[in-house]
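In terms of the working numbering, the sequence shown opens at residue 37 and continues consecutively.
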Amino acid sequence: KSGSLQPWQSGIRELAQDTNVFCKLSGLVTEADWENWKSSDFEPYLDVALESFGKDRLMIGSDWPVCTVAGSYSQVMGIVVEYLG
């Protein structure tokens, strides 16, 4: 919600140095402005995760049913699926 990548970005990059650690992409819309988010809002965060972990160490999670406060299941899953497409 703050829009700041730091210190999250540093923490993600540090975690990614351990090749036994994987990253779950989940809870995106519930951390954004629930009523005014758009897919492009998440690109900087997805970029960091992908650059840090690579596709082979990323997982997707819907955060269902919690995500429904800010978007439908298909909207939430679509953010990551379209990004990684």
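Where is the CB? At the ideal position from N, CA and C, for every residue including glycine. Remember, predicted model here, so these are calculated numbers, not experimental data.
| Check | Outcome |
| --- | --- |
| Phe-58 burial status per 10 Å Cβ neighbour count (16 or more: buried) | exposed |
| Trp-70, buried or exposed, once every other Cβ within 10 Å from all chains shown has been counted against 16 | exposed |
| Chain-order list of residues whose beta-carbon lies under 7 Å from that of Leu-65 (same chain, five-residue window excluded) | Inspection of the sequence shows that residue 65 is occupied by Val rather than by Leu. Within the same chain, Val-65 has close Cβ partners Trp-73, Cys-103, Ala-106, Gly-107 and Val-112. |
| Sub-8 Å separation of Lys-60 and Gly-97 beta-carbons | yes |
| Residues bridged to Met-95 [DSSP beta-bridge criterion] | Lys-60 |
| Neighbourhood of Leu-41 by C-beta distance below 8 Å, restricted to the same chain and skipping five residues each side | Pro-80, Tyr-81 and Val-84 |
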